[in-house]
Every structure is written in C-alpha cells, then in structure tokens.
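Number of protein chains: 2
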Amino acid sequence: MKTMKEPIVFFILILTLMITDTTRVHAQEKSTYMRIAKITVDSTMLDAYTTALKEQMNAAIANEKGVLAYTAVHDKQNPSRITIFEIYASVDAYKAHILTEHFKKYKATVANMVKKLELTDVVPIGIQSKLK
Amino acid sequence: MKTMKEPIVFFILILTLMITDTTRVHAQEKSTYMRIAKITVDSTMLDAYTTALKEQMNAAIANEKGVLAYTAVHDKQNPSRITIFEIYASVDAYKAHILTEHFKKYKATVANMVKKLELTDVVPIGIQSKLK
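Protein chains in written order, with my numbering: chain A, 1 to 132; chain B, 1001 to 1132.
In structure tokens, the structure reads:
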C-alpha cells in the first residue's frame, strides 16, 4: 500500500504546481493592468506626502490580493517630482483598489499637496528582476 | 578560562552580524543606482527596436551581476513611447554595463530607430512586489 500511495501523492503535488504556475503566467501576461503615475508635489509638503504614499502602498500590498507591485521614486535633481509604477492583477483589481478605505484616506490626505497628476496606462515589453 | 572565552566568541559573532547587516542595507539603499529612460522610437521600426531591447535586457540580466532589474513598457495609447525603469547595484555597475558587448550592439542597432531619449536619475521612496 505504501508503495502505491507515494507516487499518487507525488503526482497530485506536480499537478497542483502545474495549475498554480499556469494561473500565475496568465495573471502576469494577459489580464495585468499597469500604469505609470507622474505626480508633482508641493515641495513644502514633500515629507507629509511621502509618509501618506508609503502608508497607502503598505496597506494596499498587505491587504489587497490584486495589488501586485509598486515602484515609487523621486527625481534625484527635483525630489518633488514623483513617479509611481503600478501593477494590478486586472482592471477590476484596480477598480476595487480605489474603493478601499486606505486609498480614500490617501486621496483625501494628499488632495492639497499634489500640484499635478499625470496617469498613463502602459503595456509590458519585459519585466526582469533579481531583487528580493 | 572557558567562561571567559564564550562571551568573547559570542560578542565577535554579534559584531560580524551587525557589520554584515549594515553592508547589505548600504548596498540596497545607498549605492543602488536607479534611472528612468524615456525613449521615443520611430513607429515604423517599433518591432525591430523591441527585439533589440529585449536581447539587450536578457543578456544584461543573465551576464551582469550588477544589473538588478529592468521594467520596460510602452504607452498603451502610443506604443512608440517606451519607458524603461533600470536598477543597477551601483554607479560602477552601470559604468561597466555600458562597456559590454551586448550594450554596444544594442546602441549601434537602435541608433537610427530612436527619435528622442530622456534619462532621469531617480531615488527610491518604496519598492514592493509580489511578482515571481
């Protein structure tokens, strides 16, 4: 009995891994919604803005399955120019994101800190990372 | 003698861990060199450009320890506008990168495909990813 059982368990394990992998490829290459947000912040409020942004990003990454990645940077020469590269699992995941309490809190907090906001939908050419 | 020796070994171990940790934080937060490249490509040569870009990115990620991440995308509404978010381990890693054969080949190949190139050095605010 023991000799029969082990190959079956092994087969189920391999099958599960294959299904999981297909789901991941699908999510990353087909339905993924990506966007670049370019934000110019009132330079006198930069610290407060950065704090609010970090709080929003941390809450979204921790609590929303559909928020896949955030890369937020500021220009070296002009720190009040912020770029955020956002990856969501789908357009629906993004729509759900903007209804969350942490996103609404962020928008209310930064309303009079943001001087300019430019949003651009983008499509991946290639994403590769050795980080983490 | 034994009672004296063990606390010293323990102290050296803790000190080693502290030094190692500081080095890692330094490498990730201080020496990392990040840049956003915005490229406008001749729309009639977009496929050829994308092929050359992918070849360059794959070679750099595979062969250069100091090339940490590339995120290359095009605008959804205007595919000839490309954005590449680049992360290198240090400025020196970047300087070594532009001397490699694969980078020189890329530059020569795309020389008459690129209509506009804008490079901006950036500093991280937050980088979080669930991808991979």
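Note that the Cβ used here is the ideal one computed from N, Cα and C, for glycine as well.
Check, Outcome
"The beta strand (DSSP E) enclosing Met45 of chain A, as first and last residue numbers", "Counting along the chain, Met45 of chain A falls outside any beta strand (DSSP E), and DSSP gives it neither H nor E."
"Test: Lys95 of chain A CB closer than 8 angstroms to a CB of chain B", "no"
"For Ala1072 of chain B, three-class secondary structure by DSSP", "strand"
"Chain B residues whose Cβ lies nearer than 9 angstroms to that of Asp75 of chain A", "Ile1036, Thr1120, Asp1121, Val1122 and Val1123"
"Among B:Gln1056, B:Ala1096, B:Arg1035 and B:Ser1031, nearest to Ile125 of chain A - alpha-carbon criterion", "B:Gln1056"
"Simplified DSSP assignment, three categories, for Ser1090 of chain B", "coil"
"Beta bridge counterpart(s) of Met34 of chain A as assigned by DSSP", "A:Ile87 and A:Val122"
"Among A:Ser90, A:Leu53, A:Glu64 and A:Val73, the one whose alpha carbon lies nearest that of Met34 of chain A", "A:Ser90"
"Bounding residues of the alpha helix (DSSP H) (the contiguous stretch that carries Thr100 of chain A)", "Premise fails: Thr100 of chain A is in no alpha helix (DSSP H) and is neither H nor E."
"Classification of Asp21 of chain A by the beta-carbon crowding that lies within 10 angstroms, buried from 16 upward", "With a pLDDT of 43 at Asp21 of chain A, under the threshold of 50, the modelled position of this residue cannot be trusted; read the value that follows with caution. So Asp21 of chain A ends up on the exposed side."
"contact_flag[the segment 112-129 of chain A, the segment 36-43 of chain A] where n(CB pairs < 8 angstroms) is 3 or more", "yes"
"Chain-ordered chain A contacts of Lys1054 of chain B [CB-CB under 9 angstroms]", "Ile125 and Gly126"
"Length of the line joining the Cα atoms of Tyr88 of chain A and Ile1098 of chain B", "32 angstroms"
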